[in-house]
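Residue numbers (UniProt numbering): 1 to 151.
Right under this line is the structure:
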């Protein structure tokens, strides 16, 4: 553990800055036209599944999105009904379900993802140098890789 005294004010200012930037960028991205076939939160689910190595259990998908388990289950039901996801029984555990992209879901994820990637590049590229983007990636990766603490 860091033995230096933690500057609580600085930590909270950094946190507020991170959250404000996230909210601002999310609002910009949400207002764009790429979300016609999949809303932003739906895209998060499609993207998480596209990053995975084959079908995923619900808990694995939940690790990649900012949704509660009940909200994610309802969204997956809607995406299955729309033909974007496939649900199957887990061959290793008959009580569990595995979820994967259908061909149509993969297409929507790719097309939406391309447009979204251009928007991310435009916004971050307008505000940060390549070195600053590398620093941001490293800092956020460091925060994300910290082990979870029990309450």
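All C-beta atoms in this analysis are idealised placements derived from N, C-alpha and C, irrespective of residue type, glycine included.
Beta-carbon proximity of residue i to residue j, cut-off 8 Å
i	j	result
residue 24	residue 57	no
residue 65	residue 80	no
residue 50	residue 85	no
residue 113	residue 47	yes
residue 34	residue 115	yes
residue 88	residue 55	yes
Where residue i falls, given that 16 or more other Cβ within 10 Å makes a residue buried
i	result
residue 120	exposed
residue 6	exposed
residue 128	exposed
residue 72	buried
residue 28	exposed
residue 147	exposed
residue 38	buried
residue 75	buried
Nonlocal neighbours in the same chain, by C-beta distance under 7 Å from residue i, ignoring five residues either side
i	result
residue 124	133
Close-in-space but distant-in-sequence residues of the same chain around residue i (CB under 6 Å, 5 per side omitted)
i	result
residue 131	none
Cβ-based neighbour list, residue i, same chain, cut-off 8 Å, excluding 5 preceding and 5 following
i	result
residue 104	83, 84
residue 26	40
Practice task
With a floor of 3 residues, list each beta strand (DSSP E) that falls wholly inside the UniProt domain "HTH marR-type" (11-145), ordered by position along the chain.
Solution key: Runs found: 85-90, 93-101.
For this session: Count the CB pairs spanning the segment 104-113 and the segment 36-44 that are closer than 8 Å, and state whether there are at least three.
Result: yes
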